[in-house]
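The UniProt record's numbering numbers the first residue of the sequence shown as 1 and each following residue consecutively.
For each residue, glycine too, the CB sits at the ideal point set by N, CA and C.
Please read all numbers here as calculations on a predicted model, not as lab measurements.
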Amino acid sequence: MKVENADLLLTQTESSSQFPKIVIGVCVMEKKACSPPMTQILDRLRAFGEFEIFIFGDEIILEEPVERWPTCDCLIAFYSNGFPMEKAEAYAELRKPFLVNDLKMQYLLRDRRKVYAVRYPVLLTPTEKEMAREVCVAFGQAVCGFDLLRSQGRSYVCDVNGWSFVKNSYKYYDDAACVLRKLLLEAKAPHLSSTLPPCLPWKCTEPVNVEIRRQGSSVTSGTFGQSEELRCVIAVLRHGDRTPKQKVKMKVTQERLLNLMLKYNGGRPRAEAKLKSAVQLQDLLDATRLLVPRARSGKESDSEAEDLEHAEKLRHVKAVLEEGGHFSGIYRKVQLKPTKWARIPKEEDETEEERPIEALMVLKYGGVLTHAGRKQAEELGRVFRNSMYPGEGTGLLRLHSTYRHDLKIYSSDEGRVQMSAAAFAKGLLDLEGPLTPILVSLVSKDSSMLDGLDTASIEMEEAKARLYDIIVSEKQVIPLNSETPWMADGAGLPLDALHLLPRLVELIKKVTAQVKVLCKAEEDRLADTTLDEALPPYDQATALGKTNMDVDRIAAGLPCGSEGFLLMFARWKKLERDIYNERKGRFDITKIPDVYDSSKYDLVHNTHLKLDGLGELYTVAKALADGVIPNEYGINPVHKLKIGSKIARKLLGKILIDLRNTREEAINIAELKNAQDSAPAHKLTKLTDDDTKSAKSRIKLDGSRRSSSNSEKSLDAEEDDDKETRYRLDPKYANVRTPERHVRTRLYFTSESHIHSLINVLRYCNLDESLQGEGLVSNGALHKVFETKELDYLTHIVLRMYENTGVALDDSRRFRIELLFSCGAAVNPLDASPRQQDHTLPVFPPVSLQEDSSYLTFHKLESMIQPFAMPAEDFPPATTPQGFAGLFPKSGGVLERLANLWPFNKHLNQKV
1 MKVENADLLL TQTESSSQFP KIVIGVCVME KKACSPPMTQ ILDRLRAFGE
51 FEIFIFGDEI ILEEPVERWP TCDCLIAFYS NGFPMEKAEA YAELRKPFLV
101 NDLKMQYLLR DRRKVYAVRY PVLLTPTEKE MAREVCVAFG QAVCGFDLLR
151 SQGRSYVCDV NGWSFVKNSY KYYDDAACVL RKLLLEAKAP HLSSTLPPCL
201 PWKCTEPVNV EIRRQGSSVT SGTFGQSEEL RCVIAVLRHG DRTPKQKVKM
251 KVTQERLLNL MLKYNGGRPR AEAKLKSAVQ LQDLLDATRL LVPRARSGKE
301 SDSEAEDLEH AEKLRHVKAV LEEGGHFSGI YRKVQLKPTK WARIPKEEDE
351 TEEERPIEAL MVLKYGGVLT HAGRKQAEEL GRVFRNSMYP GEGTGLLRLH
401 STYRHDLKIY SSDEGRVQMS AAAFAKGLLD LEGPLTPILV SLVSKDSSML
451 DGLDTASIEM EEAKARLYDI IVSEKQVIPL NSETPWMADG AGLPLDALHL
501 LPRLVELIKK VTAQVKVLCK AEEDRLADTT LDEALPPYDQ ATALGKTNMD
551 VDRIAAGLPC GSEGFLLMFA RWKKLERDIY NERKGRFDIT KIPDVYDSSK
601 YDLVHNTHLK LDGLGELYTV AKALADGVIP NEYGINPVHK LKIGSKIARK
651 LLGKILIDLR NTREEAINIA ELKNAQDSAP AHKLTKLTDD DTKSAKSRIK
701 LDGSRRSSSN SEKSLDAEED DDKETRYRLD PKYANVRTPE RHVRTRLYFT
751 SESHIHSLIN VLRYCNLDES LQGEGLVSNG ALHKVFETKE LDYLTHIVLR
801 MYENTGVALD DSRRFRIELL FSCGAAVNPL DASPRQQDHT LPVFPPVSLQ
851 EDSSYLTFHK LESMIQPFAM PAEDFPPATT PQGFAGLFPK SGGVLERLAN
901 LWPFNKHLNQ KV
């Protein structure tokens, strides 16, 4: 079959006709030339308007002599089954086109001796990017695929494939077209500029005036334009939408469960056992199934109430363990803690041994990132990419691919937080595929910085006790100053809080009763199910990777996600039991957040169940929660500051380290640039290594003028400085308009507690006795944050550092800080129509916490935050990110032997 060269070139401006187009010959088998990936790349090259592309086709390649092959300026040729490599070599020798991939070296690539391992799509480290460059250079392949093995932080090339495609990846198609364009223009038309246009032609919704410029021609300035450059973006984010967190506590005395505890605690009678693995949870499920009564009797007497409650809890535990049809791991965990013991005679002799006779079983589950939560996080990542960074071609992606973007992502230990971080990274970097490889390669866990409330537990209990007293006393919360209503104790509580609580209990009972009716049919079905029958066909592991709701379950009238009616009823029944103690006549206000959480979840995800009174319950619960939740983190601003500084102490310290490191790096580069600019004309080409080291030494010696701590560059600072400078973009090969532009990004994903703590320190830090003067947050922003009250899913706080290059290096106004705040998806689901479609509530865009005319210097931010932050010298030394170290086997011996045997590596080692 002969492939005709269709004229698909875009209409260009008249200026493009000044230069002849570069002819690209595609000399590969038709199966490869017409494949979707090749078509995508070639279409993008055509769209630039600088190339004419001719596909040779099988008939010409196989049947025509090379003298009759079309002539071209550049040749794309690579081997596949049936391709006559010798003819391609003869053609190249005859016509002398620019070869994208060397032909002779492709014989070596056809040697298919391989080593296979588990494959993940990952982002390359700077070292691996250098390895990729060396592979391309050594084999003479401008387009080349290869496989890496990673072990203990080291990487090994185990296979080189030659020309390879990444299927179904639009980012790959974009990158490949842009890189090939630059390569071909530099080879055959060096007089033309290879700078990318502000909008890539195939991404523009309107016709673009594509102009071909000569090298050195002026270009339109980017987003920053003037003398101020973005240097750092730090964001602290709450996780995305999740299922309600749940906990079941029950005393167990059954021999089966006590023996199970001894099995997994090493046989120690006083030690607790933690069950998390699939094998452990399966053992517990097997035991529970045998203990749960197969049918319920009629009305039980009062004396049997305790046994009835115990049976209900066993059914609850069984339903939780059966949820999803299999154990997907991180969202269910069980603790068995022995509470009573007895001396029991041994069977084999007359001695006695201590045995547990009672234990407390605590089952924690729920808190799973929903399909909506993943979608929210991924979309927010895309918003960040397009709004937080300068625009140059493809914006942030352009910075990232040219070594000008330093990105690190941290997460707490919770699964929902980690998956939110991975989904955000997918949107931010325009990645494709499942979240697990992204999580493994990009997200580092730091539990001590982003988890836990233990450091402020006493103060939080004090706040809850004071809050209860304010509510039951029915005293109105009256601020001392109407201009600052947040200063009063218990500010934000509704005036009729005590009268809302009985109505809250009534509505909970109403909803619970309806769910119980829905649960009856499911209970009857489960009672008739034999142990050998299949579990419900809901696949939770698969659901975790989805961004769309399960339409089939919704259509069948079932609850959203993996929660069945039995678990839904257990969730509401527990809230009914916990919110009000009828015997004591006492409300438990600490359960108000849980009631609000459940009512909002069902209003968003289970509105199709049409539970009467759920909307009113949500309204009442929200009015109470808006007052209770913020006051749990401090009953007044001074108390909030105390609690916030304890919970967020390490996070605040890390943020200051990030900003200091950014400032140091920016000043280093500025002084090196100044040294270049002041050098004689004949030395302007490049500073020598000695000059660079000398300049850096002068900067470090003079560091005291801008550093408040000699140890502030611990953690990732010293290590990163050398690494980032080593892999800084070389302007000579940059093909970018602003090679000096570099941005550091640090993302911290955490829970609601750390978000409350951080925002409280930022807005109230000036209330500390050691600090004087105006605070960091404007009065208008203080009002807005106070009125917001709810810090919903994906609430985020952003700090952006700018460098004013027109100001002297030692001027405090050289570095400016911008504070931004978003309350996340704090949308009333009763007012949001999207909940009817995909259960996803929109995330509010961030707003400034400062006045438009204000100028917050880094020096002021540092002085206001430092009293509440962990000192830099208290941070542990930098370590390999947990995700990276844990992905591959611990031993690298086999890989090292492989590297020594690999002839390519030997060749590289001998290079001078």
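Which same chain residues end up closer than 6 Å to residue i when comparing Cβ atoms and leaving out the 5 residues on each side of it in sequence?
| i | result |
| --- | --- |
| P20 | none |
| H742 | R404 |
| I471 | A497 and L498 |
| residue 915 | Past the edges of the chain, shown from 1 to 912, lies residue 915, and the structure says nothing about it. |
| G393 | Confidence at G393 is low in this model, with a pLDDT of 45, below 50, so its placement is unreliable and the value that follows should be read with caution. Correct list, in chain order: L196. |
| H316 | V248 and A570 |
| C519 | F565, L566 and F569 |
| L747 | A235 and I409 |
| I76 | V26 and V100 |
| V515 | M568, F569 and W572 |
| K340 | I357 and E358 |
Do the CB positions of residue i and residue j come within less than 8 Å of each other?
| i | j | result |
| --- | --- | --- |
| R744 | R231 | yes |
| K510 | G613 | yes |
| M388 | V236 | no |
| T288 | K318 | yes |
| M261 | K313 | no |
| V334 | L360 | no |
| A377 | S420 | yes |
| L865 | L641 | One detail in the question is off: residue 865 reads as Ile in this sequence, not Leu. No, they are not a contact pair. |
| I24 | L185 | no |
| Q246 | Y365 | yes |
| A621 | I589 | no |
| G373 | G561 | no |
| E632 | A463 | yes |
| S751 | R238 | yes |
Between which residues of its own chain and residue i is the CB-CB distance below 8 Å, once the five residues before and five after are set aside?
| i | result |
| --- | --- |
| G780 | E851 |
| S770 | P867 |
| A187 | C74 and F98 |
Candidates the options: which alpha carbon is nearest residue i's?
| i | options | result |
| --- | --- | --- |
| L258 | V368, K274 and N631 | K274 |
| H796 | E348, T805 and L820 | L820 |
| E229 | G806, E93 and V827 | G806 |
| E322 | V26, E63 and E563 | E563 |
| Y596 | V843, E354, G25 and W572 | W572 |
| P559 | H839, K276 and C72 | H839 |
| P877 | T857, L659, C158 and K654 | K654 |
| I755 | E790, A488 and R746 | E790 |
| G266 | P198, A825, V798 and L336 | L336 |
| A625 | R95, I61, F83 and D792 | D792 |
| Q282 | L504, V517 and V320 | V320 |
| A90 | L108, P190 and W69 | W69 |
| K475 | K673, A491 and R270 | A491 |
Since residue i and residue j should fall inside the 8 Å C-beta cutoff, what is the C-beta to C-beta distance between them, to a whole number of angstroms?
| i | j | result |
| --- | --- | --- |
| I53 | L45 | 7 Å |
| I647 | S753 | 6 Å |
| F48 | P201 | 6 Å |
| V160 | F146 | 5 Å |
| L467 | I635 | 6 Å |
| residue 942 | D73 | No information on residue 942 is available, as it lies outside the stretch 1 to 912 that the chain covers here. |
| T370 | T243 | 6 Å |
| G381 | G433 | So it is not a contact: roughly 15 Å between Cβ atoms. |
Leaving out five residues before and five after residue i in sequence, what residues of the same chain have Cβ atoms less than 7 Å from its Cβ?
| i | result |
| --- | --- |
| F868 | S645, R649, L652, V761 and C765 |
| K167 | P37 |
| E348 | none |
| D768 | L641 and P867 |
| A342 | R355 and I357 |
| T253 | I357 and E358 |
Quiz item: Where are the alpha helix (DSSP H) runs, 4 residues long or more, that stay fully inside the region 454-501, in chain order?
Solution: 457-473
Quick one: which unbroken alpha helix (DSSP H) runs of 4-plus residues sit fully inside the region 542-611? Chain order, please.
551-555, 565-579 and 592-605
Tell me the start and end of each unbroken beta strand (DSSP E) in the region 92-159 that is at least 3 residues and wholly inside, in chain order. 145-151
>> Give the list of continuous alpha helix (DSSP H) stretches no shorter than 4 residues that lie fully inside the region 227-297.
In response: 255-264 and 278-291
Handout entry: alpha helix (DSSP H) segments (min. 4 residues) lying fully within the region 318-396
Key = 371-387
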